[in-house]
Each structure stands twice: as structure tokens, then as C-alpha cells.
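J.: Quick one: the structure is below, questions incoming.
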Amino acid sequence: MQISPKLILSGGAALGATGALAAPVSAQTMTVTVNIPRLSVAEYHRPYVAIWLEKEGAAPRTLAVWYDVDKAKGEGTKWLRDIRQWWRVSGRTMSFPADGVSGATRAPGDQKIAFTAGKGPLGALGPGKYTLVVEAAREVGGRELLRLPFTWPAKPGVAAKAQGSSELGAVSVSFGK
Amino acid sequence: MKAKYLIAGALAALMLSGAAQAHRQWMLPSSTTLSGTDSWVTVDAAVSNDLFYFEHFPMRTDGIAVTEPDGTTGKIENAATGKYRSTFDVHLTKPGTYRIANVSTMVMGSYTLNGKQERLPRGTTKANLAQAIPAGATNVQTAEASNRNEIFVTLGAPTTTIFKPTGTGIELVPVTHPNDLVSGETATFQFLLDGKPAADLKVTVIPGGIRYRDALGQMDLATDKDGKLAVKWGAPGMYWLNASTGGGREGGPGGPGGPGVQGGKPQGAPPAPPAGPPQKRASYITTLEVLAP
Numbered sequence: 001m002q003i004s005p006k007l008i009l010s011g012g013a014a015l016g017a018t019g020a021l022a023a024p025v026s027a028q029t030m031t032v033t034v035n036i037p038r039l040s041v042a043e044y045h046r047p048y049v050a051i052w053l054e055k056e057g058a059a060p061r062t063l064a065v066w067y068d069v070d071k072a073k074g075e076g077t078k079w080l081r082d083i084r085q086w087w088r089v090s091g092r093t094m095s096f097p098a099d100g101v102s103g104a105t106r107a108p109g110d111q112k113i114a115f116t117a118g119k120g121p122l123g124a125l126g127p128g129k130y131t132l133v134v135e136a137a138r139e140v141g142g143r144e145l146l147r148l149p150f151t152w153p154a155k156p157g158v159a160a161k162a163q164g165s166s167e168l169g170a171v172s173v174s175f176g177k
Numbered sequence: 001m002k003a004k005y006l007i008a009g010a011l012a013a014l015m016l017s018g019a020a021q022a023h024r025q026w027m028l029p030s031s032t033t034l035s036g037t038d039s040w041v042t043v044d045a046a047v048s049n050d051l052f053y054f055e056h057f058p059m060r061t062d063g064i065a066v067t068e069p070d071g072t073t074g075k076i077e078n079a080a081t082g083k084y085r086s087t088f089d090v091h092l093t094k095p096g097t098y099r100i101a102n103v104s105t106m107v108m109g110s111y112t113l114n115g116k117q118e119r120l121p122r123g124t125t126k127a128n129l130a131q132a133i134p135a136g137a138t139n140v141q142t143a144e145a146s147n148r149n150e151i152f153v154t155l156g157a158p159t160t161t162i163f164k165p166t167g168t169g170i171e172l173v174p175v176t177h178p179n180d181l182v183s184g185e186t187a188t189f190q191f192l193l194d195g196k197p198a199a200d201l202k203v204t205v206i207p208g209g210i211r212y213r214d215a216l217g218q219m220d221l222a223t224d225k226d227g228k229l230a231v232k233w234g235a236p237g238m239y240w241l242n243a244s245t246g247g248g249r250e251g252g253p254g255g256p257g258g259p260g261v262q263g264g265k266p267q268g269a270p271p272a273p274p275a276g277p278p279q280k281r282a283s284y285i286t287t288l289e290v291l292a293p
């Protein structure tokens with residue numbers, strides 16, 4: 001899995017152009033569900049969230065980054081570095097906004113994001129042991145990171161789950177045809 | 001302008017060498033790791049006992065130079081000097097690693113005039129050395145003191161263009177990039193003295209926040225034969241790193257150790273006047289940010 005950020009970007013562009021519907025019927029899918037907890041705090045901002053894949057011996061692959069994409073002059077990117085681990089392994093070598101990867105911050109609740117093998121930011125995955133990492137950092141709040149290991153290719157119906165305790169709620173990844 | 005520059009540098013250097021037993025010179029950036037395409041850092045610069053509290057003396061900003069990731073000269077903005085600290089901003093508009101540095105070289109020395117030994121005045125540099133020595137002086141002894149106080153900040157991914165050595169004084173060459181430090185990991189830096197690996201260089205590393213703990217938490221380290229230093233980071237935070245060499249007279253009064261070597265002398269003992277001719281000395285200071293994983 002030799003993936004450079006540039007490759008991810010071009011893959012992202014492909015997703016934007018064709019959409020998931022154009023994927024072959026037999027393509028494997030991966031659905032990530034991230035629960036963003038509803039917090040009762042004096043000052044609430046939606047968290048910045050990064051979702052990426054790690055595999056030993058391969059460059060990490062960023063699947064999604066939710067941040068203040070709509071701020072003037074790209075000012076939202078100023079705080080991307082607060083998603084610390086993601087910033088170190090992948091973010092700092094990328095340019096933003098990244099096609100197919102960047103997205104707006106999301107509201108509290110269950111947030112679903114689906115990927116199709118061979119398409120978009122997921123791209124073609126070689127077989128092996130992977131870890132899906134979800135990291136959330138909130139302005140004037142905290143930071144939390146969850147790791148979900150899985151084996152690719154995954155059988156349809158297989159799922160991995162993790163439970164956050166502060167900035168993330170339940171996070172799961174499930175696989176289908 | 002140039003003279004002012006040099007004097008400021010020399011003053012900063014004096015502060016380092018003369019008062020280094022107690023005081024620590026430092027620059028503290030608001031952030032070392034930045035994202036986006038247009039960011040600012042603001043820097044506090046002071047000379048103090050504790051780290052990183054401004055309670056003694058501001059550092060002059062006249063001699064502070066910015067080197068941008070592509071090697072071009074940047075600038076500091078909004079510089080202001082108060083009672084206890086100076087502060088200034090640096091605007092980051094290019095991706096990569098910036099250096100913010102106060103580098104100076106001063107000349108120390110002595111001469112004999114009318115049978116009496118005199119010291120070269122403060123602020124003597126290579127440029128004004130000729131004027132500093134009066135006619136008729138004999139037995140002129142001089143030595144250079146190179147002082148470097150620098151910090152690094154990175155917009156986006158770290159780069160290494162600015163680490164090209166100049167061959168003067170003590171310089172840091174990254175093995176681990178100084179803007180890629182994480183607690184629990186071990187970082188390696190190489191130190192050069194006048195362009196060559198500085199073997200057995202004594203390096204002191206002290207975590208900030210001294211005021212809120214009893215133990216100084218100082219790490220006394222030394223470079224290996226290749227000038228390389230391994231530092232295992234404890235808790236995340238800002239760390240002050242100081243390396244220095246020369247100045248002391250090995251085996252004689254005033255030595256061993258040099259300016260800035262903390263704990264090199266017994267507490268409270270006044271430094272003995274050095275004997276013999278002055279020695280070349282060099283000092284290096286940086287502030288490093290160690291992030292949580």
C-alpha cells in the first residue's frame with residue numbers, strides 16, 4: 001500500500017466526479033459510524049474529526065477530515081493541528097481543502113460515512129491487518145482517539161466497535177458488499 | 001544600524017557568559033507546530049531564573065533574525081520590550097520550518113599597557129577590535145565567544161533547509177526534527193562546533209514550569225563521538241536546552257565547565273577570576289516543544 005497524499009487527492013477527485021453509485025456492484029464497502037456526544041458545556045463547538053487508516057509498513061491513508069471548511073480564507077485549517085496524532089502521521093503533508101476528504105464539522109448524534117473499495121479516499125486496499133483511527137479535537141474542549149483494528153478483505157457483516165468516553169461516543173466500522 | 005546590531009548582540013552574549021550561573025536566556029514561541037497556509041506565532045524573549053517566567057530582564061530584540069523555510073530572510077513584527085520581557089510576532093506564510101535566532105560573536109581578551117593588564121571592553125567585536133586596543137599595548141590575547149539562541153516553528157510539514165550549518169559556534173543538526181517531538185519518544189540531535197561534530201559536549205535540558213515543582217528536573221547529557229545527543233522526553237511541554245563549551249580553565253580557577261553549565265560550580269561560590277589567556281567559547285540555547293502523543 002504505497003499511497004502518497006497526492007494519490008489520495010486524485011482518488012478523492014474521482015469520487016467527487018463519479019460518486020459511490022458508479023462503483024461495481026461487487027465492490028466491498030466500509031461504513032464508519034461516529035457518535036458525536038451531545039455535551040452540556042458552557043461553550044460548545046463541534047469537534048474537528050479525522051478518520052484514517054493505518055497499516056504497518058505503509059503510509060497512513062486519510063479517509064475524512066471534518067473541520068470548519070467554510071471559514072473565509074481557509075481559516076479553519078489553523079486548528080487542524082489540534083487533531084494531534086492525525087496531524088503528525090498524515091495531515092501535515094496534505095493540502096486543504098482535500099477533495100473527497102475534507103468535510104464540514106458534524107453535529108452531535110450518529111454520523112455515518114461510507115466508503116467503497118477502489119473508489120475515493122479508500123482506494124484499493126491490499127490484504128492485511130489495518131487499524132481505523134478516529135480522532136476528535138474540540139475547540140475549548142478535549143481530544144480523544146479511538147482505534148479499531150480489522151482485517152482486509154473483510155467478510156460482509158463483520159464489524160469492529162470502540163466506545164469513547166469524552167469527545168467521542170460509540171464508533172464502529174462495518175463491512176458489506 | 002550595524003553597530004547597534006552588534007552591540008545588542010554583544011550585550012546579549014555578555015548576559016549569557018557573565019550571568020549564566022543563575023540566569024537563563026530563552027525565547028518561548030506561542031506554538032511550534034502550525035497548520036493552515038497563513039499563521040502567526042508570538043514569541044516571548046527574556047532572561048530569567050525560572051523557566052519560562054519573565055521575572056528578571058527582557059532579551060533585546062535588535063539582533064533577532066528570521067530565516068524562512070526557503071532560506072530567505074524574514075522579519076519580526078510588533079516587537080516591544082517591557083520591564084521583564086520582550087515580545088514579537090512572526091508571520092508564517094510559507095510551508096515548512098522557520099528559524100528565529102539571536103546569533104552573536106563577541107571578542108574577549110586582554111592586553112598589557114604600562115605594565116598593567118587590562119581587559120577588552122564589553123561590546124568588542126571583530127569589527128571594532130582594532131579601536132579597542134590602544135597604541136602601545138603588548139601581550140594582546142583575544143578569544144571569540146559565539147552565542148546562538150534559536151527556536152524553530154513549522155507551518156505544515158517540517159523541512160530542513162534552514163539547518164544548513166554556517167560553521168560558526170555551536171549549531172544543531174536534526175536527526176529528529178525539533179518540531180517533531182513527542183513525549184515518551186527519544187529524539188536525536190547532532191551538535192556541531194565550528195562546523196565539526198562536537199564530541200563530549202555537555203548539554204543541559206530542563207523542562208519548563210519550574211515554579212510549580214520542587215525538583216529542577218534537569219537532564220545532564222553529553223554528545224557522543226559524532227556529536228549526537230539522545231534525549232528521552234518525559235511529560236509534554238516546553239523544554240529549555242543549553243549547550244556550551246570553553247571559557248573555563250581546565251584544572252585551574254574558574255573551570256571546569258563554561259558559561260551556562262548549570263550546577264558546574266558549588267552553590268553560592270563566586271566565580272574565580274580566570275587565569276591564563278582567554279579561551280574560545282561557544283554557547284547554544286533553544287526551546288523545544290514536546291507534544292503529547
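Protein chains in written order, with UniProt numbering: chain C, 1 to 177; chain F, 1 to 293.
In this text, a Cβ means the ideal position worked out from N, Cα and C, and glycines have one as well.
Quick one, which of 202/F, 215/F and 120/F has its alpha-carbon nearest residue 229/F's?
T.: 202/F
J.: Here's a check: name, in chain order, each residue in its chain whose Cβ is nearer than 7 Å to the Cβ of residue 293/F, leaving out the five neighbours to either side.
T.: 182, 183 and 184
J.: Can you have a look at residue 212/F and say buried or exposed, based on whether 16 or more other CB atoms are within 10 angstroms of its CB?
T.: exposed
J.: Please report how far the alpha carbon of residue 177/C lies from the alpha carbon of residue 27/C, in whole angstroms.
T.: Straight-line spacing of the CA atoms in residue 177/C and residue 27/C works out to 6 Å.
J.: Roughly how many whole angstroms lie between the Cα atoms of residue 110/F and residue 137/F?
T.: 10 Å
J.: Could you check the C-alpha separation between residue 139/F and residue 195/F for me, to the nearest Å?
T.: 30 Å
J.: Using the Cβ count rule (16 or more neighbours within 10 Å means buried), how would you classify residue 165/C?
T.: Classification for residue 165/C: exposed.
J.: Exposed or buried, residue 119/F, counting other C-beta atoms within 10 Å across all chains shown (16 or more means buried)?
T.: Around the beta carbon of residue 119/F, fewer than 16 other beta carbons lie within 10 angstroms, which makes this residue exposed.
J.: Taking only beta-carbon positions, decide if residue 31/C is within less than 9 Å of chain F.
T.: no
J.: Consult DSSP for residue 324/F and reduce its assignment to one of helix, strand or coil.
T.: Residue 324/F lies beyond the residue range present for chain F, which begins at 1 and ends at 293; the question has no answer from this structure.
J.: Bridge partners for residue 161/C per DSSP, in chain order?
T.: 172/C
J.: Can you check DSSP and say which residues form a bridge with residue 219/F?
T.: 205/F
J.: Rounded to whole angstroms, what is the Cα-Cα separation between residue 43/F and residue 81/F?
T.: 12 Å
J.: Check for me: the alpha helix (DSSP H) holding residue 89/C runs from which residue to which?
T.: 84-89
J.: Let's test the definition: count the other Cβ atoms within 10 Å of the Cβ of residue 287/F and tell me whether it reaches 16, buried, or not, exposed.
T.: buried
J.: Please list, in chain order, all residues of the same chain as residue 129/C whose beta carbon is under 6 Å from its beta carbon, the five residues on each side excluded.
T.: 151
J.: Pair every Cβ in the segment 49-69 of chain F with every Cβ in the segment 90-104 of chain F, then say whether three or more of these pairs are closer than 8 Å.
T.: yes
J.: State the DSSP-derived secondary structure class of residue 76/C, mapped to helix, strand or coil.
T.: helix
J.: In three-state DSSP terms, what is residue 159/F?
T.: In the structure shown, residue 159/F sits in coil (DSSP, three-state: anything other than H, G, I, E or B).
J.: For residue 251/F, which three-state DSSP category applies?
T.: Caution is warranted here: a pLDDT of 36 is assigned to residue 251/F, below 50, making its placement in the model unreliable, and the coordinate value is therefore given only provisionally. Correct three-state label for residue 251/F: coil.
J.: Please classify residue 73/F as buried or exposed, where buried requires at least 16 neighbouring CB atoms within 10 angstroms.
T.: exposed
J.: Could you name the residues of the segment 24-43 of chain F whose beta carbon sits closer than 9 Å to any beta carbon of chain C, in the order they occur along the chain?
T.: 31, 33, 34, 35, 36, 37, 38 and 39
J.: Helix or strand or just coil, what does DSSP make of residue 81/C?
T.: helix
J.: For residue 110/C, which residues of its own chain have a beta-carbon under 6 Å away from its beta-carbon, when the five flanking residues on both sides are left out?
T.: 33 and 35
J.: Identify every residue that forms a DSSP beta bridge with residue 119/F.
T.: 110/F
J.: For residue 150/C, list the residues DSSP reports as bridge partners.
T.: Answer by DSSP bridge pairing, in chain order: 130/C.
J.: Give me the chain F residues within the contact set of residue 80/C, using Cβ-Cβ distance strictly less than 8 Å, ordered along the chain.
T.: 35 and 36
J.: Can you list, in chain order, the residues of its chain whose CB lies under 7 Å from that of residue 78/F, leaving out five sequence neighbours each side?
T.: 88 and 89
J.: Which first and last residues belong to the beta strand (DSSP E) in which residue 114/C is found?
T.: From DSSP, the beta strand (DSSP E) with residue 114/C extends over 109-116.
J.: Name the chain C residues that come within less than 8 Å of residue 184/F, Cβ to Cβ?
T.: Neighbours of residue 184/F on chain C: none; closest Cβ ~13 Å, over 8 Å.
J.: Can you grab the Cα-Cα spacing for the pair residue 61/F / residue 58/C, in whole Å?
T.: 45 Å
J.: Just confirm the distance between the C-beta atoms of residue 173/F and residue 193/F, as a whole number of angstroms; I'd bet it's less than 8 Å.
T.: Contact doesn't hold; Cβ gap of about 12 Å is too wide.
J.: Could you give the distance in angstroms between the alpha-carbon of residue 126/C and the alpha-carbon of residue 157/C?
T.: 20 Å
J.: Between which residues of its own chain and residue 89/C is the CB-CB distance below 8 Å, once the five residues before and five after are set aside?
T.: 52, 54 and 60
J.: Please report whether the beta-carbon of residue 298/F lies at a distance below 9 Å from any beta-carbon of chain C.
T.: Given a span of 1 to 293 for chain F in the structure shown, any question on residue 298/F remains unanswerable.
J.: Look up residue 258/F in the DSSP assignment and say whether it is helix, strand or coil.
T.: Residue confidence for residue 258/F is low, a pLDDT of 39 falling below 50, so the modelled location carries little weight and cannot support an answer.
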